[in-house]
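>
In the UniProt record's numbering, the protein residues as written are 1 to 426.
1) Return the first residue and the last residue of the alpha helix (DSSP H) that residue 28 is part of.
2) Judging by CA-CA distance, which residue of 391, 294, 307 and 369 is the nearest neighbour of residue 300?
3) With respect to the beta strand (DSSP E) encompassing residue 362, which residues constitute its N-terminal and C-terminal limits?
4) Might you give, ordered along the chain, the residues of its own chain that have their beta carbon closer than 7 Å to the beta carbon of residue 307, omitting 5 neighbours on each side?
5) Would you call the CB atoms of residue 176 and residue 156 closer than 8 Å?
6) Any idea which residues DSSP pairs residue 275 with across the strands?
7) Would you mind listing the beta strand (DSSP E) stretches within the stretch 345–384 that are 3+ residues and don't spill past its ends, in chain order?
8) For the alpha helix (DSSP H) that contains residue 287, what are its first and last residues?
9) Do the stretch 254–271 and the stretch 289–299 make contact, defined as three or more Cβ pairs closer than 8 Å?
10) How many Å lie between residue 262 and residue 279 at the Cα?
11) Report the residue from 38, 380 and 27 whose alpha carbon sits nearest the alpha carbon of residue 274.
12) According to DSSP, simplified to helix, strand and coil, what is residue 331?
13) Buried or exposed: residue 163, going by 16 or more other Cβ atoms within 10 Å of its Cβ?
14) In its own chain, which residues sit with a C-beta less than 7 Å from the C-beta of residue 371, not counting the 5 before and 5 after it?
15) Please work out which residues of its chain come closer than 6 Å, Cβ to Cβ, to residue 244, disregarding the five sequence neighbours upstream and downstream, and give them in chain order.
16) For residue 314, which residues of its own chain have a beta-carbon under 8 Å away from its beta-carbon, when the five flanking residues on both sides are left out?
17) Who does residue 183 pair with in a DSSP beta bridge?
18) Exposed or buried, which one is residue 17 when buried takes at least 16 other CB atoms within 10 Å?
19) I need the DSSP call for residue 3, collapsed to helix, strand or coil.
20) Taking the alpha carbon of residue 227 as the point to measure from, which residue in 254, 27 and 236 has its own alpha carbon closest?
21) Starting from the C-beta of residue 310, find all residues in its chain whose C-beta is less than 8 Å away, skip the five residues before and the five after it, and write them out in chain order.
22) Nearest CA to the CA of residue 286: which residue from 236, 384 and 185?
23) I'd like the list of long-range same chain contacts for residue 373, defined as Cβ closer than 6 Å, with 5 residues on each side in sequence excluded.
24) What separation, rounded to the nearest whole angstrom, lies between the Cα atoms of residue 191 and residue 248?
25) Which residues does DSSP list as the beta-bridge partners of residue 178?
26) Nearest-angstrom Cα distance between residue 154 and residue 258?
27) To the nearest angstrom, how far is it from the Cα of residue 230 to the Cα of residue 172?
28) In terms of residue numbering, what span does the alpha helix (DSSP H) encompassing residue 258 cover?
29) May I ask you to list the residues that DSSP assigns as paired with residue 338?
30) Could you say which of 241, 24 and 187 lies nearest to residue 233 if we only look at CA atoms?
31) Hey, would you say residue 393 sits closer than 8 Å to residue 277, going by beta carbons?
32) Cβ atoms of residue 264 and residue 312: under 8 Å apart, would you say?
33) Excluding sequence positions up to five away, which residues of its chain have a Cβ less than 6 Å from the Cβ of residue 239?
34) Could you pull the start and end residues of the beta strand (DSSP E) that residue 398 belongs to?
35) DSSP three-state label for residue 172, please.
36) With DSSP as the reference, please indicate the residues paired to residue 231 in a beta bridge.
In structure tokens form, the structure reads like this:
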């Protein structure tokens, strides 16, 4: 990274140089694990480490032969035959005296029969009572474990290919998602339900202060809950094994927790972020910044542009003087990196190979600063993305960029009756 782009970071170049040295051993360990997991199973573990050492000779034992010296020593058993009396352990010489028990030996059958006759009357009620007491507790615990397994969302749902629609984000729903899952797809769009029969406000009596209608007060209190709350996405940072992540239908910026999850999942390969609405720009920028669609062309790479920033203090929102919309915020990625380093293992740069964006305003600084040029392979733009100076230069000149073409847009239609003309489905 150029010095100019280092100087434009929030914490400065000195901090990130120290952070890079601190994070280098962790990054190397993650890379070593990635190489190890990509190996075949028969090459993954060192089955033969080296030549085995010769066992030591214990005094009194015969010297082992050359063939036996290469074999590991057999464990010595302290079980004795029934016919022989009890002897001292490790007694090999015949001159040592044999020790016999001072009491006559009894067979196991006689011992069992004598003891069982006396203790059966006492042990049977105690065992039966203990089993009767612990049986309901065991059944209760087994029922809880089975219910938890039954309530978990299956692995073929809430995936990258099949996102979970209208995700509520409450604790019960998050608890049903296994934090060890590899893929996760959530649709954060909440449809607004309009009340078709609003209640009429009641007229105040004489000498009574006028009050606002109850429905109007409830609507004002529920304005913040018409969209998915930002803090409800916080449990996303507890997932550490994700390979693909997809978040669509976003009505506001959730980059605060999205990039923390991206840093804390060191093997995240595919990330898709989709806004429910595209950006709305003011007139100077609307005419200057082109939409990434149709005949749009990528700027020529191979050189470093001046650092720019069009966001609002790392929140992911465009600056109000520019317009309203979602901005691929390099400061949001930076602050998420600092938080992630304090809570888990992170790479030096993001591990994303494929990035898919919908409804974003994009420039080139986030890719230059925080994306790994050795891993990033494709950047795909979907509908309503805006070019605010996007470019991929230097080591990222070979990254593939895909955007919607005019010839790819196909409109499907059908013949309808006159009565059906009021409803048109696209």
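Just so you know, even glycine gets a beta-carbon here, dropped at the ideal spot from N, CA and C.
Let me lay it out:
1) Residue range 13–38 is occupied by the alpha helix (DSSP H) that includes residue 28.
2) The shortest CA-to-CA distance from residue 300 to any of 391, 294, 307 and 369 is the one to 391.
3) First-last of the beta strand (DSSP E) with residue 362: 360–362.
4) Sequence-distant partners of residue 307 (beyond 5 residues in either direction) whose C-beta falls short of 7 Å from its own C-beta, in its chain, are 4, 5, 8 and 365.
5) Cβ distance not < 8 Å, so residue 176 and residue 156 don't count as in contact.
6) DSSP lists 250 as the beta-bridge partner residues of residue 275.
7) The DSSP assignment places 354–358, 360–362 and 378–381 as complete runs of the beta strand (DSSP E) inside the stretch 345–384, in order along the chain (cut-off: 3 residues).
8) From DSSP, the alpha helix (DSSP H) with residue 287 extends over 283–288.
9) Here the stretch 254–271 does not lie against the stretch 289–299, with fewer than 3 beta-carbon pairs under 8 Å apart.
10) In a straight line, the C-alpha of residue 262 is about 24 Å away from that of residue 279.
11) Per the Cα distances, 380.
12) Looking at residue 331 - three-state DSSP - the assignment turns out to be helix.
13) Under this definition residue 163 is a buried residue.
14) For residue 371, same chain residues with a beta-carbon under 7 Å away, outside a window of 5 residues either side, are 349, 350 and 352 in chain order.
15) Within the same chain, 160, 183 and 270 come within 6 Å of residue 244 by CB-CB distance, once the 5 residues on both sides are set aside.
16) Within the same chain, and ignoring the five residues on either side of residue 314 in sequence, the residues whose Cβ sits closer than 8 Å to its Cβ are 10, 329, 331, 332, 334 and 335.
17) In DSSP, residue 183 forms a bridge with 244.
18) By the neighbour-count rule (16 or more Cβ atoms within 10 Å), residue 17 is not buried but exposed.
19) Helix, per DSSP.
20) Cα-wise, what sits closest to residue 227 is 254.
21) Residues 318, 319, 322, 327, 361, 363 and 388 of the same chain have their beta carbon placed closer than 8 Å to that of residue 310, with the five preceding and five following residues left out of the count.
22) Ranking 236, 384 and 185 by Cα distance to residue 286 puts 384 first.
23) Excluding residues within five positions, the ones whose Cβ falls inside 6 Å are 395 and 396.
24) Cα to Cα, residue 191 sits roughly 13 Å from residue 248.
25) Note: residue 178 sits in no beta bridge, so no partner.
26) Each residue's CA atom was taken as its position, placing residue 154 and residue 258 some 23 Å apart.
27) Straight-line Cα distance between these residues: approximately 17 Å.
28) The continuous alpha helix (DSSP H) containing residue 258 extends over residues 255–264.
29) According to DSSP, residue pairing for residue 338 in a beta bridge does not occur.
30) Looking at the Cα atoms, 187 is the closest of the given residues.
31) No; because the gap between Cβ atoms is not below 8 Å, this pair is not in contact.
32) Their beta carbons are not under 8 Å apart, which means residue 312 does not touch residue 264 by this criterion.
33) Excluding positions up to five away in sequence, the list reads 179.
34) No beta strand (DSSP E) contains residue 398, which DSSP labels as neither H nor E.
35) In the structure shown, residue 172 sits in a helix (DSSP, three-state: H, G or I).
36) According to DSSP, residue 231 bridges with nothing at all.
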